[in-house]
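Count along the sequence shown from 1, add 4, and you get the number used in this note's numbering.
Ideal placement from N, C-alpha and C gives every residue a C-beta, glycine not left out.
One structure below.
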Amino acid sequence: MTTNGKGNAETQLQIAIGMLLQSVRDKSPVVLETLMNSIRKLAEKHPNQVLLSCCQFYSKTPKPPPEHLASILKIMERVCSDHIMKIDGDTIISTIEISMNLMTENVYSEPLIQIPASEVLVALGRQHSVQVMDSLLKKLTAGIVPHFMVPRALGAMANTNAIGVVPYLKEIFNVILPLLGGCRSDHLKLSFAYAIGSFCDALVEYVSNNEKVPDTTVTIENYNLEIGMAYDVLFTTWLLSRDPKVVESVLEAIASIYSILTTEKVLQQTPKVLHILLSLYKKNINAYYITKCLDAVIEKSASVDGTLLEPLLQNILNTLFDLVCVSPDYAQPALVKSHSEVLRCYECFALYFTDSTVDHLLSQLRNNNDKDRVRALLVFTHLISYSGEQCIKRRFKDIIRFISEMLSDHSIRVKKALIKIIVAFCNKKVLLDKTYNPEGTGKYMEFIIKMCCKQVVPKNSDIDIHELQNIQKSADNTMYMLVTSIPELEGILWDLLLKSLLGPSFDDAVVIILRCLTHLASKKEKIESCEVAFVRCLALLANPLPNFRGCYILNFLKNIKPCNIDSYKNVWDTKIPQLIKYLDQNYENFNNIEWQDLLFDFLSILLETINSESFNEIIVFEARKQLSTYNNNRNSVNGDLEVKQTEKQFLLKCLAIALCNLKDRETVLQTLDNILSNVKLTEYSELHTFAEAVGICSQSHLQLVLNKLAMIREEVSNKKSKFLHFFIKDAKHELGIERLRYTVICSYAEICNEAPSDKLLKVIESEILEYVNLELQNAKDFVMKKVCLKTILAVADAMHPNRNTLHIRMNDRDNVIK
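As structure tokens, this is what we get:
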């Protein structure tokens with residue numbers, strides 16, 4: 005390409021960029037975003053042209069709107085940050101000159117322009133500190149007050165490029181220190197304080213990276229005089245300013261200065277500084293800046309001479325304690341930052357004044373105020389998690405003793421804080437160490453499992469339902485984290501979680517319990533045989549939809565085995581995936597009857613395939629035991645009560661299916677007694693379930709079932725049934741007799757539906773029809789008449805030619821029809 009052609013192309017590019025820059029003032033966000041993207045893409049290949057066009061825009065545009073100019077400066081800062089290595093020397097000089105002019109041309113504060121202009125200089129200064137520093141130092145003249153943005157820009161440079169700024173510090177201090185005493189402008193005070201604090205931080209960084217710096221002879225001691233002079237002005241004069249912003253800026257500067265003050269100065273100043281800082285908490289000053297400064301003072305003073313802090317130790321601890329956030333709100337960064345600084349102060353005190361700090365916090369745990377107890381727990385949690393391990397280690401036993409006593413605390417927020425400290429101790433393996441925790445981890449893990457359940461909110465509590473749900477969710481996540489990340493807890497958690505799964509009081513937490521158990525079971529080298537868990541899971545599967553718990557239950561079952569007989573595997577590996585698939589496909593249009601039939605089929609095939617009398621006995625025994633746990637549901641709300649009712653009724657039927665595979669007559673009779681003993685005669689739904697269970701049982705044990713019902717009939721006629729006291733404690737005795745009679749008749753209907761015809765038809769008239777017919781004649785209320793008619797219909801169906809292969813005739817047909 006010829007020189008002419010190249011020049012034309014560059015000119016056209018400059019014109020195009022200039023047009024884009026002119027359009028940056030567009031008020032449409034969409035247009036503005038498109039323009040910015042176009043300029044950024046151009047800058048990737050032509051950063052020098054973009055920067056020069058920005059400079060020309062400023063030179064050729066008379067008084068552009070401040071917003072427009074600010075946007076141009078932001079483009080320049082972005083180009084300098086992203087493409088600093090591609091920018092040539094002439095462009096750098098032009099950019100520095102324009103930015104410096106924009107930053108200093110207005111003696112009044114104009115942050116919209118001045119701050120972006122300063123940021124352009126800082127972006128260039130990361131790589132070209134010499135040019136930027138030379139330009140800034142030209143604005144610093146001995147005895148003349150500089151523009152307030154110059155020290156601010158120097159401070160910002162020090163923060164981003166300590167190596168480039170520290171060599172100039174002597175020269176800078178020589179100019180600005182004589183000016184501090186006579187400074188009246190708040191803008192200047194803010195800038196000088198910011199700059200001095202930044203210079204101190206840069207000096208610390210420079211000295212600590214001694215092997216990377218150009219001048220290794222530079223030490224902090226070289227600047228003792230200058231730093232001491234700056235501190236004196238800031239502390240004695242500027243800290244007393246009426247402008248809170250100035251005070252906050254001075255506090256930040258003192259925080260940086262204090263760490264490099266001489267020992268002599270620290271010994272002299274610490275008592276004064278502490279008094280001033282504690283008094284500032286009572287004023288309208290952001291606590292973050294005070295606490296940040298206090299932390300620096302405490303850390304330096306404690307390392308020099310711990311006795312300096314002792315006179316005010318209790319005052320400081322009490323003040324800090326009030327600043328701990330019970331629930332840090334991350335929507336308010338200032339509060340969170342202040343909270344973090346408070347915790348840093350506690351770290352320092354715990355290191356140098358361990359006993360005083362721990363005793364102070366333990367005394368707060370005894371406090372009746374919930375907030376104070378939560379604060380103390382949060383501080384302890386932080387110290388355990390983040391401070392040096394030896395810091396409070398020798399007091400762990402005392403802390404754990406208090407935590408153990410607090411597990412019964414009624415406050416929900418205290419419980420939430422307890423979870424955090426328990427996790428902190430677990431992560432450090434402290435709770436596993438018998439030296440500190442002789443009682444073991446069991447009670448602490450059980451506490452967290454209980455927190456996974458719905459919590460009862462104390463009266464007059466200000467906790468809303470949303471916060472309560474968050475606490476429960478947090479407990480769930482905590483439990484899963486402990487299970488998956490601390491191998492030493494796996495054994496005790498397996499036993500505890502399994503025990504919790506079996507306890508109805510933990511039903512609210514069944515999903516997280518199953519998630520944890522599934523993880524633990526999957527890690528076991530040998531698959532666990534767990535009949536009791538299998539029975540419990542069967543009952544829970546009666547209601548698979550709440551919180552998608554059905555899939556969690558089935559996934560858990562996949563990772564255990566119901567017995568030690570290998571024949572279960574075929575059924576297990578075939579049926580469980582089918583059940584999971586059914587739930588996945590039918591969640592929206594769930595049919596409970598169809599689902600329960602699938603489960604009954606699964607159980608029946610499993611029992612037949614395993615074909616073990618001992619396994620059947622275990623299943624029956626465990627089902628009977630678990631059945632009794634459903635009798636005390638008085639505290640359940642309506643929704644929970646319905647769920648538990650469904651589980652109980654489903655378990656009754658599962659028990660009946662298990663009885664069908666059991667041969668021991670005595671166990672069958674005892675179980676029938678047990679089933680009836682666990683049925684509430686006041687609940688018709690339970691009476692019908694009992695009848696269905698009896699019907700299922702009659703498939704294999706018809707004569708035993710009939711004998712049992714005959715015995716109940718006899719007791720009912722004598723009005724002395726042993727079952728009455730299980731159900732009717734407050735109701736009239738006669739009502740109990742009537743309900744038992746109803747149950748027997750209902751059971752006969754189910755027997756007619758379920759029992760094998762060849763055995764049933766031989767006794768159907770003598771054992772069932774005669775009794776039901778007599779009851780129908782004596783019945784007074786509609787319910788009894790209805791159930792009698794239903795049973796007679798069942799008898800008729802059983803004697804229908806389709807089932808009546810023995811061709812047995814009904815001898816009493818005419819009497820029944822009458």
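- The C-beta of Leu116 has fewer than 16 other C-beta atoms within 10 Å across all chains shown, which makes the residue exposed.
- Judged by beta-carbon spacing, Tyr688 lies beyond the 9 Å limit of Leu655, meaning their Cβ atoms are not closer than that value.
- For the pair of segments examined, the segment 685 to 702 was found to touch the segment 658 to 673: the number of CB pairs separated by less than 8 Å reaches three.
- Taking a cut-off of 8 Å on C-beta distances, the segment 222 to 240 touches the segment 166 to 179, as three or more cross pairs fall below it.
- Its Cα nearest to that of Gly446, the residue Leu411 stands out among Arg417, Ile467 and Leu411.
- The bridge partners DSSP lists for Lys143 come to none.
- A Cβ-Cβ separation of about 5 Å places Thr385 in contact with Lys424 under the 8 Å criterion.
- Rounded to the nearest whole angstrom, the CA to CA distance from Ile452 to Ala479 is 6 Å.
- Around the beta carbon of Leu778, a 10 Å sphere encloses fewer than 16 other beta carbons of the protein chains shown; the residue is thus reported as exposed.
- Among the bridge pairs identified by DSSP, Lys64 is matched with none.
- Beta bridge pairing from DSSP links Lys565 with Ser533.
- Leaving aside the five residues that flank Leu321 on each side, the residues in its chain whose CB is nearer than 6 Å to its CB run, in chain order, His364.
- Distance from the Cα of Tyr752 is smallest, within the candidate group Leu505, Cys701, Ser260 and Val237, for Cys701.
- By a beta-carbon distance limit of 8 Å, Ala259 does not contact Glu209. Their separation comes to about 15 Å.
- Straight across, the Cα-Cα distance linking Lys454 with Ser85 is about 53 Å.
- Counting every other CB atom within 10 Å of its CB across the protein chains shown gives Gly186 a total below 16, marking it as exposed.
- Judged by DSSP secondary structure, Gly159 falls within the alpha helix (DSSP H) whose first and last residues are Met153 to Thr164.
- Exclusion of the five residues before and after Val250 leaves Asp190, Lys193, Leu194 and Trp242 as the residues of its chain whose Cβ lies within less than 7 Å of its Cβ.
- The DSSP assignment places complete alpha helix (DSSP H) segments of no fewer than 4 residues inside the segment 227 to 251 at 228 to 240, in order along the chain.
- Distance from the Cα of Gly740 is smallest, within the candidate group Ile21, Ile119 and Val720, for Val720.
- Here the alpha carbon of Val647 sits roughly 9 Å from the alpha carbon of Pro550.
- For the options Val149, Ser344 and Leu140, the alpha carbon positioned closest to that of Ala160 is the one of Leu140.
- Counting C-beta pairs with one atom in each stretch, the segment 609 to 620 and the segment 548 to 562 have fewer than three that are closer than 8 Å, which means they do not touch.
- For Ser113, same chain residues with a beta-carbon under 8 Å away, outside a window of 5 residues either side, are Phe152 and His191 in chain order.
- Within the segment 618 to 687, complete alpha helix (DSSP H) segments of at least 4 residues are found at 642 to 664 and 669 to 681, given in chain order.
- In this structure, the beta-carbon distance from Leu316 to His279 falls below 9 Å.
- Taking the Cα positions, Tyr350 is about 54 Å away from Phe61.
- By the Cβ test, the segment 429 to 444 is in contact with the segment 393 to 410, since at least three Cβ pairs between them sit closer than 8 Å.
- In the three-state reduction of the DSSP assignment, Phe203 falls in the helix class, which pools H, G and I.
- Annotation: Asn806 to Ser526 spans about 51 Å, alpha carbon to alpha carbon.
- Where Ser367 is concerned, the enclosing alpha helix (DSSP H) starts and stops at Thr358 to Leu369.
- When the Cα atoms are used, Val237 and Ser245 turn out to be separated by approximately 12 Å.
- In this structure, Val28 lies away from Val54, with their beta-carbon atoms at least 9 Å apart.
- Taking 9 Å as the cut-off, the Cβ atoms of Val270 and Leu313 do not count as close.
- A residue is called buried when at least 16 other Cβ atoms come within 10 angstroms of its Cβ; Leu542 meets this threshold and is buried.
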